[in-house]
Amino acid sequence: MCPSLDAFSDAALRDGRGVAVYLHIPFCLARCGYCSFFSRPFSRSAQEEYLGYLRREIDLWQQRNPALKQARTLYFGGGTPSLLEADQIKSLCGLFDLAQEAEVTLEINPIQITAPYLQKLGETPANRLSIGLQSMDDKDLAWLGRRHRSDRIPAQIRLCREYGFGNLSLDLIYGLPGQDVDSIRRNLDYYLALSPDHISAYLLTPDPDTPLGRDLASGAQTPLPDEDDLAAQYDTLRETLIAAGFEHYEISNFCRPGMASRHNLTYWKSKPWLAVGASASGWLPPLRYTNPADLDQYYHNIDTQKMPEEAGECSLEQACADHIMMGLRLLEGLDLNELQSLYQYDLRSAKAAEIAKLSASGLLALEGDRLRLTDTALFVSNAVIGELL
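If you count the sequence shown from 1, you need to add 281 to reach the working numbering.
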């Protein structure tokens with residue numbers, strides 16, 4: 282697909298553990314008004330055609346670099362990848378040589394959590410479910426346009442456990458109209474009663490091009506909470522989950538000890554990942570690429586073995602900036618020695634004044650060779666990190 286593949290850092294791919302792989306499945310039964318991800322209406326025939334092209338894309342990448350056949354994580358995202366049949370998931374997993382302890386995540390819509398589906402899914406390599414719960418408050422779910430309701434969730438979580446899924450992640454969205462600190466606490470009480478292994482808590486940030494974004498801009502929707510309320514909700518999330526024994530390991534992510542998302546850590550630690558499917562973005566040093574968010578164009582690219590239009594060799598400066606931006610999202614912070622070794626960039630010297638100012642303001646902490654955001658800075662992380670880029 283792309284001649285730049287010959288320039289990949291083999292050391293990064295041939296480390297004996299394999300590459301992280303993201304597979305985008307864009308089909309949905311209905312589009313959520315707040316969602317800005319690329320998706321298309323579901324039909325079995327359209328999905329089957331798409332999977333044929335997805336397999337061809339995987340083959341093209343692997344022909345270019347056989348190391349891309351070795352995978353340590355697979356992540357099925359979307360869209361609604363739980364619209365895939367278990368046999369289709371198994372077939373796609375079979376295109377890779379999975380590491381013995383590979384993490385294979387499937388994003389799953391609660392309405393697809395049924396005993397027959399889980400039984401079949403148990404016959405695939407999938408071993409981690411990321412459940413699009415979003416809230417345990419039915420008013421929130423109705424406002425978000427979600428089709429599931431909270432009363433069925435406890436039984437569905439029990440089903441997941443009964444069918445052998447020992448790694449369950451729940452999504453939570455905060456910052457909705459009418460939410461406050463008390464409603465967040467109530468929501469978290471319900472979440473914790475489900476005994477998840479991982480919780481991803483996302484602030485609602487409507488894209489202006491989504492139906493929800495347009496409604497908010499026009500005044501057709503109830504305004505969202507103000508910044509002070511949002512910060513208080515975030516602090517409540519952190520304090521409650523940490524008190525319950527969760528590790529806060531990334532700005533939006535919490536886990537039981539040892540249950541961090543190994544796939545997503547690939548992104549935050551700027552390790553290589555292969556991304557396949559329409560709209561998917563990958564990083565195979567020095568190549569950064571994004572597939573078209575258009576099925577016809579995506580199919581055309583595969584038919585003609587054409588590189589993605591947004592592909593290009595990432596400059597050392599841009600790769601370094603991305604590494605800083607992603608690494609500071611981790612609560613453990615950024616390893617400054619590793620940064621200098623990889624990019625020949627001494628952040629401590631280059632941004633000495635900024636680091637001193639932000640540290641004096643209580644927003645950064647420099648601890649030996651590691652730079653991290655303080656707890657105070659987490660909710661305003663984008664502004665703080667921007668000072669260092």
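By construction, the Cβ of each residue, glycine as well, lies at the ideal position given by its N, Cα and C atoms. Bear in mind that the values here come from a model prediction, so they are computed numbers and not experimental data.
Exercise for the section: Quick one: give me the first and last residue of the alpha helix (DSSP H) that Y471 is part of. Expected result: On the sequence shown, position 190 is the one that residue 471 refers to. For Y471, the enclosing alpha helix (DSSP H) stretches over residues V462 to A474.
Handout entry: Burial state of A383 (16 or more Cβ within 10 Å)
Key = Locating residue 383 in the sequence shown gives position 102, where the first residue counts as 1. The residue in question, A383, is buried, as its Cβ has 16 or more Cβ neighbours within 10 Å.
Practice task
Measure the alpha-carbon distance for E338 versus V302 and round it to whole angstroms.
Solution key: Against the sequence shown, residue 338 aligns to sequence position 57. Against the sequence shown, residue 302 aligns to sequence position 21. Using only the alpha carbons, I get a separation of about 13 Å.
Exercise for the section: Just mark P284 as buried or exposed, buried being the case when its beta carbon has 16 or more other beta carbons within 10 Å. Expected result: For the purposes of this step, residue 284 is taken as the residue at position 3 of the sequence shown. A caution first: P284 carries a pLDDT of 32, below 50, which makes its placement in the model too unreliable to give a value.
Practice task
May I ask which residues mark the beginning and end of the alpha helix (DSSP H) holding R629?
Solution key: If you number the sequence shown from 1, residue 629 lands on position 348. Residues L628 to A631.
Handout entry: Beta-carbon proximity check, M540 vs D463, cutoff 7 Å
Key = On the sequence shown, residue 540 is found 259 positions in, with the first residue counted as 1. On the sequence shown, residue 463 is found 182 positions in, with the first residue counted as 1. Not in contact: M540 and D463 (Cβ atoms no closer than 7 Å).
Problem - Minimum length 4: unbroken alpha helix (DSSP H) runs contained in the region 420 to 445 - result: 434 to 443
Exercise for the section: For H429, I'd like the list of residues in its chain whose CB is within less than 6 Å of its CB, leaving aside the five on either flank, ordered along the chain. Expected result: As a position in the sequence shown, residue 429 is number 148, starting the count at 1. Shown here for H429: same chain residues with a beta carbon closer than 6 Å to its own, the five before and five after excluded, namely P391 and I392 in chain order.
Practice task
Would you mind listing the alpha helix (DSSP H) stretches within the region 355 to 430 that are 4+ residues and don't spill past its ends, in chain order?
Solution key: 367 to 374, 396 to 402 and 419 to 425
Practice task
Provide the residue span of the alpha helix (DSSP H) that contains D516, from first to last.
Solution key: Taking the first residue of the sequence shown as 1, we reach residue 516 at position 235. From DSSP, the alpha helix (DSSP H) with D516 extends over E508 to A524.
Handout entry: Counted within 10 angstroms of its Cβ, other Cβ atoms place A292 as buried (16 or more) or exposed
Key = Against the sequence shown, residue 292 aligns to sequence position 11. Annotation note: pLDDT 49 at A292 (below 50); position unreliable, coordinate value reported separately. That one is exposed.
Exercise for the section: In angstroms with no decimal places, state the Cα-to-Cα distance between F289 and W554. Expected result: Position 8 of the sequence shown, counted from the start, is the residue given in the question as residue 289. Position 273 of the sequence shown, counted from the start, is the residue given in the question as residue 554. In this predicted model, F289 has a pLDDT of only 41, less than 50, meaning its place in the structure is not dependable enough to derive any value.
Handout entry: G426 beta carbon less than 7 Å from that of D452
Key = Counting from one through the sequence shown, the residue named residue 452 turns up at place 171. Counting from one through the sequence shown, the residue named residue 426 turns up at place 145. Their beta carbons are not under 7 Å apart, which means D452 does not touch G426 by this criterion.
Exercise for the section: Output the distance between the C-alpha atoms of A658 and G643, rounded to the nearest integer angstrom. Expected result: Numbered from its first residue, the sequence shown carries residue 658 at position 377. Numbered from its first residue, the sequence shown carries residue 643 at position 362. Each residue's Cα considered, the two are about 8 Å apart.
Exercise for the section: Go ahead and pull the three-state DSSP assignment for E594. Expected result: Here the question's residue 594 lines up with position 313 in the sequence shown. Three-state DSSP puts E594 in a strand.
Problem - Expected contact under 8 Å - CB spacing of E531 and R610 to nearest Å - result: Sequence index remark: in the sequence shown, residue 531 carries index 250 (1-based). Sequence index remark: in the sequence shown, residue 610 carries index 329 (1-based). Between E531 and R610, the beta carbon gap of about 5 Å places them in contact (Cβ cut-off 8 Å).
Problem - Coil, strand or helix - A301 by DSSP - result: In the sequence shown, counting from the first residue as 1, residue 301 sits at position 20. Reduced to three states, the DSSP call for A301 is strand.
Practice task
Spell out a yes or no on whether the region 542 to 553 and the region 347 to 356 are touching, meaning 3 or more CB-CB pairs, one atom from each, closer than 8 Å.
Solution key: yes
Problem - Boundaries of the beta strand (DSSP E) in which Y315 is found, first to last residue - result: As a first step, residue 315 is located in the sequence shown; it is residue number 34 there, counting from the start. Per DSSP, Y315 belongs to no beta strand (DSSP E) and is neither H nor E.
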